[in-house]
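Colleague:
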Amino acid sequence: MQGIEACIFDLDGVIVDTAIYHYKAWKRLANELGADFTETQNEKLKGISRVRSLELILEWGGISKTADEQAVLATRKNDWYVDMINRMTPDEILPGARELLESIRAAGIKTALGSASKNAAVILEKVGLLPLFDVLVDGNSVSSSKPDPEVFLKGAAALHAAPAKCIVFEDAIAGIEAAKAGGMKVVGVGEQAVLQGADLVVGSLEEINIQTLQQL
């Protein structure tokens with residue numbers, strides 16, 4: 172794509188991988204409730220909100236909770252998760268992420284984060300990448316979860332970028348569907364077989380550069 176106006180990045184699985192921390196926190200909560208929670212189930216929570224994740228875990232465990240009880244449980248899980256991410260370091264940045272962000276900005280292209288995470292700012296600050304983003308659109312500023320395109324459209328709007336001139340970087344099918352619904356190009360980070368619908372799929376951000384993006 173010539174004339175790229177903005178690049179919008181998902182966080183988990185693209186910039187850093189906090190899935191292990193989510194898994195540990197959800198597993199601890201599920202175990203306290205007397206339910207099992209597997210890594211396979213954790214994969215199904217990729218890219219969706221904390222509230223919806225809890226609803227699924229309760230469904231899988233055949234557990235019923237009131238809305239107020241669910242709010243308490245979601246907060247408890249998040250407290251455990253935040254405790255873990257507060258110990259993150261720049262060593263946890265995924266391969267190629269910093270370099271790609273720096274080259275995108277050096278080319279005069281704006282950057283945004285588009286993530287369901289409500290802890291995105293904390294994570295980026297801990298790993299030292301916060302200054303490389305012009306705009307953060309996270310779970311605190313959207314009302315609809317992916318595959319709804321809201322998070323990416325808000326990012327584009329905040330950067331005054333046309334959606335058709337934006338490239339999204341995603342590791343989950345819900346995110347790819349969201350970007351496509353918003354009229355954007357998508358680079359999938361992960362496995363080709365899983366990330367159907369992406370314009371390009373790479374194993375890591377090390378595999379791409381500005382020239383690659385201009386050819387999309």
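In our numbering, the protein residues as written are 172 to 387. Glycine included, every Cβ here is placed at the ideal spot set by N, Cα and C. The structure displayed is predicted, hence computed values, not measured ones.
What residues match up with A283 in a beta bridge as DSSP calls it?
Modeller: Beta-bridge pairing links A283 to I179 and V306.
Colleague: Is K336 helix, strand or coil when you go by DSSP?
Modeller: Correct three-state label for K336: helix.
Colleague: Return the chain-ordered ranges of every alpha helix (DSSP H) run that is complete within the stretch 313 to 382 and spans a minimum of 4 residues.
Modeller: Runs of the alpha helix (DSSP H) inside the stretch 313 to 382: 321 to 329 and 344 to 352.
Colleague: Under DSSP, the alpha helix (DSSP H) around N274 begins and ends at which residues?
Modeller: A quick correction: the sequence has Ser, not Asn, at residue 274. Residues A268 to A277.
Colleague: Is it right to say S286 is buried, meaning 16 or more other beta carbons lie within 10 angstroms of its own, or is it exposed?
Modeller: It is buried - the Cβ of S286 has at least 16 other Cβ atoms within 10 Å.
Colleague: According to DSSP, what are the bridge partners of I264?
Modeller: Answer is V187.
Colleague: Look at the alpha carbon of V185 and the alpha carbon of L376, and state the distance between them as a whole number of angstroms.
Modeller: C-alpha separation (whole angstroms): 8 Å.
Colleague: V308 and I256 - do their beta-carbons sit closer together than 8 Å?
Modeller: In this structure, V308 does not lie closer than 8 Å to I256 by Cβ.
Colleague: Closer than 8 Å is the cut-off here; do at least three beta carbon pairs connect the stretch 175 to 185 with the stretch 314 to 333?
Modeller: Segments in contact, yes.
Colleague: In three-state DSSP terms, what is I234?
Modeller: Three-state DSSP puts I234 in coil, outside helix and strand.
Colleague: By alpha-carbon positions, which one of A242, K248, I381 and A238 ends up nearest to K195?
Modeller: Of the listed residues, the one whose Cα sits closest to K195 is K248.
Colleague: Span of the alpha helix (DSSP H) holding K297?
Modeller: Counting along the chain, the alpha helix (DSSP H) containing K297 begins and ends at A291 to V298.
Colleague: Can you tell me which of the three DSSP states N257 falls into?
Modeller: Coil at N257, not helix or strand.
Colleague: In angstroms with no decimal places, state the Cα-to-Cα distance between L272 and A343.
Modeller: If you take the alpha carbons of L272 and A343, they lie about 20 Å apart.
Colleague: Compute the Euclidean distance between the alpha carbons of E378 and L204, then round it to the nearest angstrom.
Modeller: If I take the Cα positions, the gap works out to 42 Å.
Colleague: Determine, using beta-carbon pairs with one atom in the stretch 295 to 304 and one in the stretch 277 to 284, whether at least three such pairs fall under 8 Å.
Modeller: The answer is yes - the stretch 277 to 284 touches the stretch 295 to 304, with three or more Cβ pairs under 8 Å.
Colleague: Please work out which residues of its chain come closer than 7 Å, Cβ to Cβ, to V222, disregarding the five sequence neighbours upstream and downstream, and give them in chain order.
Modeller: Counting only Cβ-Cβ distances below 7 Å, and skipping sequence neighbours, we find A245.
Colleague: In chain order, what residues of the same chain have a beta carbon less than 6 Å from the beta carbon of E348, not counting five sequence neighbours either side?
Modeller: These residues qualify, in order along the chain: P318.
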